[in-house]
Structures are given as structure tokens and as C-alpha cells.
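A.B. asks:
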Amino acid sequence: MRVIGLFCAFVGSLPATANSFVPSTSHGSTNLPTNNEGTIKMTSDSNIEPVYAAKTVSAFDKYKKEHAQSIKSPSKYWGKLAREVLDWEVPFDSHRVLQGDLTNGDVRWFSGGKLNVAYNALDRHDPKKLAMIWEGDEPDDVRRITYGEMTNKVSQIANALKAKGVKKGQVVTIYMPMIPELAMTMLACARIGAVHSVVFAGFSSDALGSRIQAANSEVVVTADHGLRGSKRIPLKDIVNAAVEHVKDKDLVKHVLVWERNYEGPESEAPYEMNSNDVRMDILVDDQRPYCPPEPMEAEENLFILYTSGSTGLPKGLVHTTGGYALYAAHTTKTTFDLAPDDIFACVADCGWITGHSYVVYGPLLNGATTFMFESTPVYPDEGRYWDMVQRHKITQFYTAPTAIRLLMRYGEEAVQKYDLSSLKVLGTVGEPINPEAWRWYYEVVGKSKCTIVDTYWQTETGGHIVTNIPGVTPMKPGSCTLPFYGIDAVVLDPADGHVVEPDENGKAEGVMAVRQPWPGMARTCLGDHARYKTVYLKPYPGYYFTGDSVMRDEEGNHFIIGRVDDIINVSGHRIGTAEVESALVAHPAVAQAAVVGRPHDLKGQSIAAFCMLRKGYEESPELLTELKMNVRHEVGAFCSPDLIVVSPTLPMTRSGKIMRRILRKIVCGETDSLGDISTLADPSIVDTLIEKVGKK
Ligand code: 6R9
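Shown next, in the form of C-alpha cells:
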């Protein structure tokens, strides 16, 4: 299996047990607590020292019991939590906590219940408490916003949206930089029952346009510009081009524009105004600071988020109100061991699911102080993250392995300069973390005192599904460890779909699936339930299929190996090969293109593209630059290929299917294990490509 190669690159050199931070036997119940140096130390539950790394037998046992119960009686487990964690306008029916199943794809949680997520995230918390600390591109650009202020502002934005005709159930597309108004616009949609669709502001105008069209979105909210590392990104101009790109010319009724440096209603707009544009700050200032929260059925849509699949256009995954809110809140609290006075920092962008669940909804539903960050880890210098931790006394810090690997390169000094003693939990997400990066994060950033939580999940899952839990379950470098409460994780044999039994060493390898619904799971793809079923539920009937391959060790720890489909993970960004390929063939010179991922030291994976040219075109440095530009224009700069190989033909079967497996092997340098190439229409292409890639 191809996946094995990738697995070795990350964790293959680690003997599983020797690296566990909690020595244990396969019987589980004899797990002993340990301190961070790995020496065994018995503590009682009430006196866990050091709190975030030591485990007690009882805490771990309690997890096992609770996890088993949550699987056995999901309605009991989630029903109780839903009452405790959320405020309901109308209580849900206790006999209908969970309805439907994975076989039919008709899962419903908390039927009969009504609630409003913005109310739960804002109004019910202490108005004097800080809801958000925001730091902009420049370190001295800081805003502190209380729950009271945010509740009023969100109400004003909600009223502004209403004033522009936005109704319950309509999709509002948000294309904004990481400024507080982004989070507040999301919450304003939630307040009136509009469905937000945040599009990452790194996507090109074409990609934005097709998402506006696909969601049938009449209103787009943007800002005049974004800032990243002192670079100005002209978001309003991109939106203008996107609106041009929307096929249905009458679709977009209004573009609402936040101004970065708003100077009052008399000031002139610092961007080009079209007839249907509205200056958001002026409109919002005019609104009443109260907007009644719309009571929403638990299963009504909260938001959609487009994400790449293996084929075709990105899918608009639909998350619903009650289940998502509960899952985001509960995973934030549990995985990050959130306490009331914590300053919780997730530095992901709200254009991705991580920003939805762990910048906005999870922390605010818990009444915590969320930290929002606009810039990059290396601006103005490579100490930026740690400088922020020191200045804002951040307690939880959540980032991606790619950022950790980048910062590791600058050495320890950039970290040592800062006082990081406020930190308790360090999180990672987006791709497998290599044990070297894990150790650096643990030792250099966390001073061997913080828990590292390796959180495995997806846009589709709404929140963490496999992760360790501070003070409760053990950590293990390179492994996301054990399933979260309510997650019945299984390893399936990709060939026949049976549950893989552990081998003689207690290990099981296969594809990762979940056997039972959980509240945070996406319910459907917008307007295409058949696709949802085809991609997630039909491959292994009765299971939710993640698309990842996994190895589970003898202690039950999960090691995610990588995608089994054509999704590439570049710096934690999920990219579909189909999107990049269609951007390449949109160039007149390209007849056909095939895109594969290859391992990259910093980014995890990078994109390699093979292009077959049309007659009359020849390879030239200018053409290669143009092809890269095409990808930037059609999808976004973050999808730009690192390697483009012009190829006389592509390795295809006689029936015309491109064999990406072979291209992957070639770019990974694994040419001695190409496997069977006899089914190729022209096997000699393989040597030609090996030679071409070798020269690059
Ligand atoms: C949250 C998010 C999902 C894909 C997922 C997997 C990879 C995410 C991971 C991880 C190993 C982790 N992934 N977290 N792999 N360890 N802790 O990233 O969502 O953008 O939808 O990507 O990312 O391959 O299937 P999304």
C-alpha cells in the first residue's frame, strides 16, 4: 500500500512503546501515571503534579469508562451534556436525542429543541468579561472586546443584514481578513438564522465566484483590504472580480464592505464603490444595538463551509445548529482543559473549519476569552507567536505542524527570549505531526510542562474526533492517540470493509472510520445529499468514512498515515487534485494535467504537476510561470505547484485512466517500487518521466 511509505516518513522510526509518555501494558488498566521525564509517579486525582502532563490511573480509567458509556448510550451521554452546556429556548424531546443512522444518512440530533447559537455564545456570559483579544498584522495593533460590547455589535450587524434583506435560511458569503468583524459577522448571521459561508481570503476571485454561485448567495460581506506581513491584500477588488465571475449576473444583490480605517460617515470610501455596494461601518452604526435572537430548530443550518474532495467542485458541507454547537463547545472545553480565566489562542484562519470551531464558536460558547490573530508566525520576526503568548498571557496555544516545523528552523533562541510560563496546553491540527516537531513543541515551547494535544479531525467532523486529553489520557509523539467521547473509531480493511482485528503485535492497519453518529458531524452537502452519501457513507455501509488511512498500535493509539484519496495536504490546507488540474487545463497550452502530492520538509506535502501540451506549444520558463499563475488565479496562491513537469503523454491505462499512483512514486523517488506498469498504454513513458523529474 502506498500509504506505508508516507507513514514511515513520519513515525516509522519510532518504536511505539518506548516513546509513550505513559508506560502501559496492553491491558490498559495497569497504566501508571508518570511525570514528563517518563518516570513513574503515583498521585491522587486531587493532587496531580504537574497538572497537565501527569496522569493518574483513576483519570485514565474514568475516561475509559465514560468513553465506553458514551458509545453504549449516545442519547444519554449527549442529551445530558446538551442540557448542561447550552441554553435552549425550547427543550428538545428526551426521547428524540438521536434519530436516524449512518446507513441511511438521515442523522438528527435534539429534535424538537430550539436555540440560538449567537445567544449561547454571547448574551448569556458576563458582559464585563473579555470575549476577544485581537492582534492585527502589527504587534501594537491590539483590540480588547468584552462580551457586552460584542453582543451589542453583533446585534447591530444582524440588524444591518436584515436591513439589506437577509432572511433566515439565506446564505451570506463572508470573504474577510482575520479581524474581529469577521467573527462578529459570522455570529450576526447565526443570530438571525442566516447561514454563513466563509471563504478563506487566500482563495482567488474565480474560486470565490464559483462558491458564491454554488451557494446561491445574494449577499457578500468583505473588507476593503487584509494585511499579512505588511502586505496589503485588496479584498474588495477580488470580490469585484468574483462577482463578475458569478454566472448568474443578477444573483449578488449586495456587497457589504467593512473599512479597515473607518473615519466616519462623511469620509470617502477608500475603494471603488459599485451600485450595489454598501459601506458596512456606516450601515452598522445606524442600527439598534439589540436584535432578538432567532430561535432555531436544532437541525436547522448554522453554516456551510466549502472543502475539497477528491473529484469535482468543492463540497459545501452543512453544519447544523444544536449538534455542532454542543460538539464545538464540549471538545474545546475538554481537549484544551479550558478554565474560566484562560486566554485561548487558536491561530488558524476562520476560512477553515479550525477557525470556525476553535477561534469563534468553541471558546465563546464556553464564555472564555478567545484570541484572534491576523498575521503570520514570522512577522515582524520569528518570535511573533511567543511574544504574543508573553504579552497576552496565553494559556492554550493551537497551531499546525507546518508552523512548528517552520519555527524550529530558527532555533531555540527565538523562543527562549520570552516568558511562556502562562502556557498549559499546546495543540496541533491539520496533518500528522512528526515526532521531531512534537518534541520541539513539547520541550522548547512547553518546557516539558505543557500537554501537547494532537487533535485529529476534519471539516466534516465539526470538532476533534481523536485526541489525547490533558491530565486524562496519555500523550504519544506522532499519534493523535485515543477517540474522543462519543466517537466509536474503527479501523476497516479497505478491501472488504471489515473491522481489522489486531495482528500478533496488537496492531491494526487500514482506513479510519466511525461506527456511530456524533452531534458535530456535517449532515449533508449543500444541495447534493447524494454526493454526501456517496463520499462518506456508501464506501463502507454503516460507517462514516474519513478518507484517511491509519495504524492503531497495541495501546489503542491512532497514527494517521495520510489520505487514501486524491486530496493533498499542503501546510495543513486541504487541496483537491481536480481543482488544480482544472486550473492547469484552463491554460490554452495544456491538453491534460495530473497533479500529485509529494513529501515536503516544511509544508508536509507540496504539489507536483504533470502537464501534457497541445500541439504547437513548447516548454519554456515563461510557460511554466504562466501555468503557476493560472493556478493562483483559478484557485489561490497557496495551491501553486512547486514542480511542473511537461510530459509528452501521461501514464494512462488503455482505458484512458491516469495512473497517479505511478506519478506519486516518481516524484517521491520511489522508482524501485513502481509496481505493475504493464497495464499502461505506453509503459515507456515511465522512464521518460523519471529522467525529467530527476533533472528538475
Ligand atoms: C481540522 C482539519 C482534514 C484532514 C484529515 C487528515 C488531516 C487533520 C490531523 C490530520 C493527522 C492530525 N488531519 N488533523 N492528520 N493528524 N492531528 O484539518 O480539517 O481541513 O478538513 O482537513 O487533515 O488527513 O482528513 P480539514
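Residue numbers (mature numbering (1 follows the signal peptide of the UniProt record, and there is no 0)): -20 to -1, 1 to 676.
Note that CB positions come from ideal geometry on N, CA and C, so glycine has one too.
#1: Below 7 Å CB to CB, which residues in the same chain sit around V673 once its five sequence neighbours on both sides are set aside?
#2: Leaving out five residues on either side along the sequence, give the residues of the same chain with a beta carbon under 6 Å from the beta carbon of W238.
#3: In the DSSP output, what is M112 paired with across the bridge?
#4: Give me, in chain order, the residues of the same chain whose beta-carbon lies closer than 6 Å to that of V258; leave out the 5 immediate sequence neighbours on both sides.
#5: Taking DSSP's pairing of strands, which residues face G584 in a bridge?
#6: Can you name the residues that DSSP bridges to L406?
#7: Please tell me whether, using a cut-off of 7 Å, the distance from the CB of N549 to the nearest non-hydrogen atom of the ligand 6R9 is below it.
#8: So for M276, helix, strand or coil by DSSP?
#9: Can you find the residues in the same chain that come closer than 7 Å, C-beta to C-beta, to R124, ignoring five residues on each side of it along the sequence?
#10: Tell me the DSSP secondary structure of P214 in three-state form.
#11: Using CA coordinates, which residue listed in L603, V570, V575, L582 is at the minimum distance from L593?
#12: Is the CB-CB distance between Y304 and G500 below 8 Å?
#13: Excluding the five sequence neighbours on either side, which residues of its own chain have a C-beta within less than 7 Å of the C-beta of M352, listed in chain order?
#14: Give me, in chain order, the residues of the same chain whose beta-carbon lies closer than 6 Å to that of E118; leave out the 5 immediate sequence neighbours on both sides.
#15: Does the structure place the stretch 289 to 302 close enough to the stretch 182 to 194 that three or more beta carbon pairs sit under 8 Å?
#16: What is the residue span of the beta strand (DSSP E) that R541 lies within?
#17: Check whether the Cβ atoms of V146 and A181 lie closer than 8 Å to each other.
#18: Roughly how many angstroms separate the alpha carbons of T311 and Y341, rounded to a whole number?
#19: In three-state DSSP terms, what is E239?
#20: For W89, name the three-state secondary structure that DSSP assigns.
#21: Should the stretch 365 to 378 be called in touch with the stretch 130 to 142, which here means at least 3 C-beta pairs below 8 Å?
#22: Going by the CB atoms, is the gap between V200 and T153 shorter than 8 Å?
#23: If you measure from the CB of D545, is any heavy atom of the ligand 6R9 nearer than 7 Å?
#24: Should the stretch 485 to 504 be called in touch with the stretch 469 to 477, which here means at least 3 C-beta pairs below 8 Å?
#25: Please state the DSSP three-state secondary structure of residue 700.
#26: Take the Cβ of R212 as the centre, count every other Cβ of all protein chains shown within 10 Å, and call the residue buried at 16 or more, exposed below.
#27: Can at least three beta-carbon pairs, one atom from the stretch 60 to 71 and one from the stretch 84 to 102, be found at a separation below 8 Å?
#28: At a cut-off of 7 Å, is P412 close to the ligand 6R9 when judged by its beta-carbon and the heavy atoms of the ligand?
#29: Under 7 Å from any heavy atom of the ligand 6R9, does the C-beta of D526 make it?
#30: According to DSSP, simplified to helix, strand and coil, what is P139?
#31: Taking the alpha helix (DSSP H) that T311 falls in, what are its first and last residues?
#32: Is DSSP giving K672 helix, strand or coil here?
#33: Cβ-heavy atom distance between R554 and the ligand 6R9 below 7 Å?
#34: In this structure, does DSSP put R532 in helix, strand or coil?
#35: Could you check where the alpha helix (DSSP H) with L654 kicks off and where it finishes?
C.D. replies: Inspection of the coordinates gives the following:
#1: Non-local C-beta neighbours of V673 in its own chain, meaning closer than 7 Å and more than five positions away in sequence, comprise V625, I646, V647, ordered along the chain.
#2: If we look at W238 and ignore the five residues flanking it on each side, its Cβ neighbours are E161, A203, M260.
#3: Per DSSP, I125, T350.
#4: By the criterion of a C-beta distance shorter than 6 Å, V258 is surrounded in its chain by H234, L236, once the five residues flanking it on both sides are discounted.
#5: Per DSSP, the beta-bridge partners of G584 are V550, H580.
#6: Answer is F377, I432, bridged to L406.
#7: Taking 7 Å as the cut-off, one finds at least one heavy atom of the ligand 6R9 near enough to the beta carbon of N549.
#8: Three-state result, M276: strand.
#9: Short of 7 Å from the beta carbon of R124, and not among the five residues preceding or following it, lie these beta carbons of its own chain, in chain order: L110, I113.
#10: Three-state result, P214: coil.
#11: Nearest option by C-alpha distance: V570.
#12: Taking 8 Å as the Cβ cut-off, Y304 and G500 qualify as a contacting pair.
#13: The beta carbon of M352 sits closer than 7 Å to the beta carbons of M112, W114, M158, P160, A163, V339 from its chain, once the five residues preceding and following it are set aside; these are given in chain order.
#14: No residues qualify anywhere along the chain.
#15: Pairwise C-beta distances place the stretch 182 to 194 in contact with the stretch 289 to 302, as three or more of them are shorter than 8 Å.
#16: Reading the sequence as shown, one finds Ile at residue 541 and not Arg. I541 -> beta strand (DSSP E) spans 538 to 543.
#17: No. Outside cutoff.
#18: Their Cα atoms are separated by approximately 11 Å.
#19: The three-state secondary structure of E239, taken from DSSP, is coil.
#20: Correct three-state label for W89: strand.
#21: At 8 Å Cβ cutoff, the stretches do not touch.
#22: Judged by beta-carbon spacing, V200 lies within the 8 Å limit of T153, meaning their Cβ atoms are closer than that value.
#23: Using a cutoff of 7 Å, the CB of D545 does not count as near the ligand 6R9, since none of the ligand's heavy atoms is closer than that.
#24: Judged by Cβ distances under 8 Å, the stretch 485 to 504 makes contact with the stretch 469 to 477, as three or more pairs qualify.
#25: This structure cannot settle anything about residue 700, because the visible part of the chain is limited to -20 through 676.
#26: Its Cβ having fewer than 16 others within 10 Å, R212 is exposed.
#27: Using a C-beta cut-off of 8 Å, the stretch 60 to 71 makes contact with the stretch 84 to 102, since at least three inter-stretch Cβ pairs fall below that distance.
#28: Yes - the ligand 6R9 has a heavy atom lying nearer than 7 Å to the Cβ of P412.
#29: A small correction: the amino acid at residue 526 is Thr; Asp does not occupy that position in the sequence shown. Checking every heavy atom of the ligand 6R9 against the Cβ of T526, one is found closer than 7 Å.
#30: In the sequence as presented, Pro is not what sits at residue 139; that position holds Asn. Shown here, N139 sits in a helix according to DSSP, grouped into three states.
#31: Taken as a continuous stretch (DSSP letters only), the alpha helix (DSSP H) holding T311 covers 301 to 315.
#32: Here K672 sits in helix by DSSP.
#33: True, at least one ligand heavy atom lies under 7 Å from that Cβ.
#34: Strand at R532.
#35: Annotation: L654 is outside any alpha helix (DSSP H) and is labelled neither H nor E by DSSP.
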